[in-house]
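Visitor: Got a structure for you, questions after.
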Amino acid sequence: MKSTEINYELEKNIEVISQLDDLVGDAVDNILVDPDKCWQPSDFLPDFGDPNIHEEIKLLQKRAEGIPDTVLTSLIGNMITEEALPSYQTYFNMLEGINPERNLLSPSGWVRWSKTWTAEENRHGDLLNKYLYMTGRVDMKAVERTIHRLLMNGFDPNSGGDPYQAIVYTSFQERATKISHVNTGKLADIAGDSILGRICKQIAGDEARHEKAYKSFMSRIFEIDPSGAIIAFEKLMRKQIVMPAVLMGEGGSNPSLFTQFSEITQKVGIYTSWDYARIIEHLVSLWKIEALTGLDAAASKAQDYLVRLGDRYMRLADRMKAPDEVKLAWLK
Ligand SMILES: [Fe+2]
Ligand SMILES: [Fe+2]
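Throughout the sequence shown, residue numbering follows my numbering, covering 10 to 341 in sequence.
Dropping the structure here:
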């Protein structure tokens, strides 16, 4: 594609994004939660001012004892992913059309969304980090090094500066994170740690609200500009969805760290290739890709590609073998 065409496309996308500002502002007020009414990490953690704190910690550690090493490693990987939040906020704020005034105090819907969404997200890493620290089973220094490195390395979901692709990406990613936390919660319950089960479900509930909002933003883009929306969806899926923590091992003593982490989530069923395929199917059906009409030529091609994509990934997932052995990380 010639650069002039790219500029034209991007300018159109930026214009549509600005038309969504009221919808996004409403989502801040109606889908995101006021800090005074919202759960906070301390709701789930022992109080160090409590005279029985030692007993409380012993109980917490006793409950956490039964969590299998693989599930614990997955949970740590999820926590590390959440802890790299500064990169995600930076990414969002670098998108074209999100904050044209370059002002963090702007009353615009998009600017309020970016801050309020990430403020909610901040509680996830905070809670999981404190919880995992207290289990006594985690090599915290190794975890902290990974978080440090991941933040240092940054993150690129390959959406360019295109806000359409970014909204498809966040719709996908919030659903993926939700699935991951839900499944971890189920495994924690099975292992006998009902508090961790509740923690994971609570976090998954936040991800579900975020998912709902991002999907509704994209639905509106599909209404205003179906051809542009479907092309953005296709472009992003051809590049595949990059997981936010993919660079956690890059440049460190174990560059395969992320691969090891994803092999474990695949093996224990916390986040699998079937989930990837099912998320595609879900989004294709939600945005009624098959039924879209009046598309231009490029958009029709994108439609053909997308309606088959979920099935293709499903077959790939069926053929994929979970690794027999996995390598644990971050444990004592
Ligand atoms: Fe999160
Ligand atoms: Fe999220």
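For glycine and all other residues, C-beta sits at the position ideal for the given N, C-alpha and C.
Predicted model, so just to flag it, every value in this text is computed and none were measured.
Indicate whether the contact test is met: 3 or more Cβ pairs, each with one atom in the region 96-106 and one in the region 162-182, closer than 8 Å.
Guide: Output reads yes: the region 162-182 touches the region 96-106.
Visitor: Sorry if obvious, but does the Cβ on Glu-216 come closer than 8 Å to a heavy atom of ligand 2?
Guide: Indeed, a heavy atom of ligand 2 lies less than 8 Å from the Cβ.
Visitor: Measuring CA to CA, which of Lys-187, Lys-150 and Gln-269 is closest to Ile-288?
Guide: Of the candidates Lys-187, Lys-150 and Gln-269, the one whose C-alpha sits nearest the C-alpha of Ile-288 is Lys-187.
Visitor: On the premise that Asn-87 lies in contact with Ser-189, defined as a C-beta separation below 8 Å, what is that separation, rounded to the nearest angstrom?
Guide: Correct: roughly 6 Å between the Cβ atoms.
Visitor: Would the beta-carbon of Thr-186 be found less than 8 Å away from any heavy atom of ligand 1?
Guide: Checking the Cβ of Thr-186 against ligand 1 gives yes.
Visitor: Threshold first: 3 residues or longer. Then list the beta strand (DSSP E) segments lying entirely within the region 162-216, N to C.
Guide: Correct list: empty.
Visitor: First and last residue of the alpha helix (DSSP H) that includes Ala-2?
Guide: Coverage of the chain is limited to positions 10 through 341, which leaves residue 2 absent and any answer about it impossible.
Visitor: Use the C-beta contact count for Arg-247: other C-beta atoms within 10 angstroms, 16 or more gives buried, fewer gives exposed.
Guide: When all chains shown are included, Arg-247 counts as exposed.
Visitor: Given a cut-off of 9 Å on the beta-carbon distance, is the pair Ser-51 and Pro-109 in contact?
Guide: Taking 9 Å as the Cβ cut-off, Ser-51 and Pro-109 do not qualify as a contacting pair.
Visitor: Among the residues of its own chain, which have a CB less than 7 Å from the CB of Gly-319, if the five just before and after it don't count?
Guide: Excluding positions up to five away in sequence, the list reads Ala-286, Ile-289, Glu-290 and Val-293.
Visitor: DSSP three-state label for Leu-337, please.
Guide: Three-state result, Leu-337: coil.
Visitor: Just checking my contact of Leu-205 with Ala-217 at CB under 8 Å: how many whole Å lie between their CB atoms?
Guide: Wrong, their Cβ atoms sit about 18 Å apart, outside the cutoff.
Visitor: Given a threshold of 16 other Cβ atoms within 10 Å of its Cβ, counted over all protein chains shown, does Lys-67 qualify as buried or as exposed?
Guide: Counting Cβ neighbours within 10 Å, Lys-67 comes out exposed, since fewer than 16 surround it.
Visitor: Assuming the contact rule is C-beta atoms closer than 8 Å, Gly-356 and Val-37 should be a hit. Round their C-beta distance to whole Å, please.
Guide: Residue 356 falls outside the range modelled here, since the chain spans only 10 to 341, and no answer is possible.
Visitor: When burial is assigned at 16 or more other CB atoms within 10 Å of the CB, is Asn-16 buried or exposed?
Guide: Its Cβ having fewer than 16 others within 10 Å, Asn-16 is exposed.
Visitor: In the DSSP assignment, find the alpha helix (DSSP H) that holds Tyr-100 and state where it starts and stops.
Guide: Unbroken alpha helix (DSSP H) run through Tyr-100: 94-103.
Visitor: Return yes when the C-beta of Ile-288 is under 8 Å from any heavy atom of ligand 1, and no when it is not.
Guide: The answer is no for Ile-288.
Visitor: Given the structure, does Ile-273 come close to ligand 3, in the sense that its CB is under 8 Å from one of the ligand's heavy atoms?
Guide: What this structure holds is ligand 1 and ligand 2, not ligand 3.
Visitor: Which same chain residues, not among the five before or five after Lys-21, have their C-beta less than 8 Å away from its C-beta?
Guide: Answer for Lys-21: Asp-234 and Gly-237, listed in chain order.
Visitor: Just tell me which of Glu-24, Val-25, Leu-19 and Leu-32 has its CA closest to the CA of Ser-225.
Guide: The shortest Cα separation from Ser-225 among Glu-24, Val-25, Leu-19 and Leu-32 belongs to Leu-32.
Visitor: Classify His-63: buried if its beta carbon has 16 or more other beta carbons within 10 angstroms, exposed otherwise.
Guide: Counting Cβ neighbours within 10 Å, His-63 comes out exposed, since fewer than 16 surround it.
Visitor: Where does Gly-134 land, buried or exposed, given buried means 16+ other C-beta within 10 angstroms?
Guide: By the neighbour-count rule (16 or more Cβ atoms within 10 Å), Gly-134 is buried.
Visitor: From which residue to which residue does the alpha helix (DSSP H) around Lys-351 run?
Guide: Since the first and last residues shown for the chain are 10 and 341, residue 351 lies out of range.
Visitor: Taking 8 Å as the line, does the beta carbon of His-291 fall inside it for any heavy atom of ligand 2?
Guide: Flag unset: Cβ of His-291 not near ligand 2.
Visitor: Might you give, ordered along the chain, the residues of its own chain that have their beta carbon closer than 6 Å to the beta carbon of Ala-311, omitting 5 neighbours on each side?
Guide: Counting only Cβ-Cβ distances below 6 Å, and skipping sequence neighbours, we find Ile-239, Ile-240 and Glu-243.
Visitor: Where do the N-terminal and C-terminal ends of the alpha helix (DSSP H) with Gly-319 fall, by residue?
Guide: Unbroken alpha helix (DSSP H) run through Gly-319: 306-328.
Visitor: Mind reading off the beta-carbon distance from Ala-338 to Gln-269? Whole number of angstroms is fine, and I expect it under 8 Å.
Guide: With 8 Å as the limit, Ala-338 and Gln-269 qualify as a contact, their Cβ atoms being about 6 Å apart.
Visitor: Measuring CA to CA, which of Leu-94, Lys-297 and Val-177 is closest to Arg-132?
Guide: The residue with the shortest Cα to Cα distance from Arg-132 is Leu-94.
Visitor: To the nearest angstrom, how far is it from the Cα of Trp-48 to the Cα of Asp-313?
Guide: Near 43 Å, if we compare the C-alpha coordinates of Asp-313 and Trp-48.
Visitor: Which of helix, strand or coil does DSSP assign to Val-42?
Guide: Coil.
Visitor: Does DSSP classify Val-251 as helix, strand or coil?
Guide: Coil.
Visitor: Counting only runs that start and end within the region 79-163, where is the beta strand (DSSP E) found for 3 or more residues in a row?
Guide: DSSP runs (the beta strand (DSSP E)) wholly in the region 79-163: none.
Visitor: Compare the beta carbon distance of Ile-74 and Asp-215 with 9 Å and say whether it is the shorter of the two.
Guide: In the sequence on display, residue 74 carries Glu and not Ile. No, Cβ-Cβ distance for Glu-74 and Asp-215 is not below 9 Å.
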